[in-house]
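In terms of our numbering, the sequence shown has 12 at position 1, counting the first letter as 1, and numbering is strictly consecutive. Idealized CB from N, CA, C, for every residue including glycine. Computed from a predicted model, the values in this text were never measured in an experiment. Notes for the one structure printed next.
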Amino acid sequence: MLGAYTRWFGDWALLVGWAVGIVAGTAMAIAANLTPTFPLTVWGHVFPGYRAFYTVILNLTVVVVLTVILGALKARSTRSDETVAADYYA
């Protein structure tokens with residue numbers, strides 16, 4: 012949703028972040044037998060939490076990191092918005 016409110020995020024970063032979120036969320040759901048909580052294990056510590064929260068954090072992390080990397084490589088879309096005010100009135 013943040014991609015609809017700002018043009019800072021790269022197009023490809025948003026697409027890859029969405030795909031990573033879908034795959035990770037589905038994998039967590041299957042691993043947790045379709046329960047809404049997932050026991051996230053980090054360095055031997057277990058953090059039970061809502062899997063959708065973990066998925067959103069992963070999604071945002073991937074999008075921000077890829078936006079920065081692709082921006083540095085100049086691979087981000089350079090198209091400008093060509094919409095004018097007259098386009099909104101019939």
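Cα-Cα separation, residue i to residue j
{"i": "T66", "j": "V27", "result": "13 Å"}
{"i": "L71", "j": "A96", "result": "32 Å"}
{"i": "G14", "j": "V75", "result": "11 Å"}
{"i": "S91", "j": "V31", "result": "27 Å"}
{"i": "F20", "j": "T78", "result": "6 Å"}
{"i": "F49", "j": "V34", "result": "15 Å"}
{"i": "N44", "j": "W54", "result": "23 Å"}
{"i": "V73", "j": "T37", "result": "17 Å"}
Pair within 8 Å by beta-carbon distance, residue i and residue j
{"i": "L69", "j": "G60", "result": "no"}
{"i": "W23", "j": "L81", "result": "yes"}
{"i": "A40", "j": "R62", "result": "yes"}
Start and end residues, beta strand (DSSP E) containing residue i
{"i": "V57", "result": "H56 to Y61"}
DSSP state of residue i mapped onto helix, strand, coil
{"i": "L26", "result": "helix"}
{"i": "L84", "result": "coil"}
{"i": "D98", "result": "helix"}
{"i": "A43", "result": "coil"}
{"i": "Y21", "result": "The sequence shown places Gly at residue 21, not Tyr. Note: G21 maps to coil in three-state DSSP."}
Beta-ladder partner(s) of residue i, from DSSP
{"i": "L51", "result": "F58"}
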